Amino acid sequence: MNITCPSCRAAIQAADVNVSTDIALCRNCGRTFSLAQLIDQSINNGPDLNTPPHGAWFDELPSGFRTGASTASWMALFYVPFSLVWGGMSVGSIYGKQLTSGHFDVMSSLFGLPFLIGSACLLALCAMTTAGKIEIIQSEDRLSLFMGIGSFGWLRNFVWSDFHTATEAAGRYGYSMQNRQGNVIVLEGQRRLAFGSMLNEERRYFVLSALKRMLLKTNRISPPVTSTLAT
């Protein structure tokens, strides 16, 4: 997890943390702190899970929890009209003429495949930015990640005990429609899972905080892997 200095707010690097002596050194201001206290502060200073921001949610379940957020965004105002224009001009001009004339042209159809695939991707993006959601459900040792609209979308199942840390990272991560540049939530441990690039900053931070607290509650969250603190 990310550790910051409570004095100057600079990031404390993994090499400057000694787990065995419970010491963390901030190279920026030169002060040392208790690692355990910094971890507690990092967890407890997050948002109240009982009052999620608009478009996000968190519920404790008998054997786990459910959290997630809507991917609806004002970007739909751009994607929807652009997709209609793109689809109408590219796909409509290639396949529309064939349908109206009743004559099938193999070469034209093959030429239009990239435009057809592009239009399908744009429609999926429109749907996600209009009414999509990302939801994580943990039940006992099972973790489910869903991305889609209503009950229609992409679902993957994982082992909850495989994950030990929850962080935010920047880069090209994720799967399917989420495979794009932007900040994402990263769960790491036995394996790596990145998602949430379509969430706005407030919703992504809420979901990340919920995952951190649930990992702490189940004793799976761990501080950074460190070397001996240099003196």
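Going by numbering that gives the first Met the number 0, the residue at position 72 of the sequence shown is 71; the numbering climbs one at a time, nothing skipped.
No residue lacks a Cβ here, since even glycine has one placed at the ideal position from N, Cα and C.
All values reported here derive from a predicted model rather than from experimental measurement.
As assigned by DSSP and simplified to three states, the class of residue i
i    : result
L210 : helix
V84  : helix
M74  : coil
M176 : For M176, the pLDDT reaches just 40, beneath the cut-off of 50, and the residue's location in the model is therefore unreliable, although a value from the coordinates is still provided. M176: helix per DSSP, three-state reduction.
G101 : coil
S118 : helix
Q137 : strand
S160 : helix
R26  : coil
P223 : Note that P223 scores 43 on pLDDT, short of 50, meaning its location in the model is unreliable; the coordinates nonetheless yield the value given after this. In this structure, P223 counts as coil in the three-state DSSP scheme.
8 Å contact criterion, which residue i and residue j should meet: CB distance rounded
i    : j    : result
F145 : E134 : 5 Å
S6   : R30  : 5 Å
Exposure label - residue i; buried when at least 16 CB within 10 Å
i    : result
L76  : exposed
V16  : buried
A209 : buried
K132 : buried
F103 : exposed
Q137 : buried
C-alpha distance - residue i paired with residue j, whole-angstrom precision
i    : j    : result
E139 : S118 : 40 Å
H163 : C125 : 34 Å
L207 : L121 : 27 Å
E59  : N199 : 23 Å
M197 : R212 : 22 Å
A10  : P51  : 26 Å
Y204 : H53  : 13 Å
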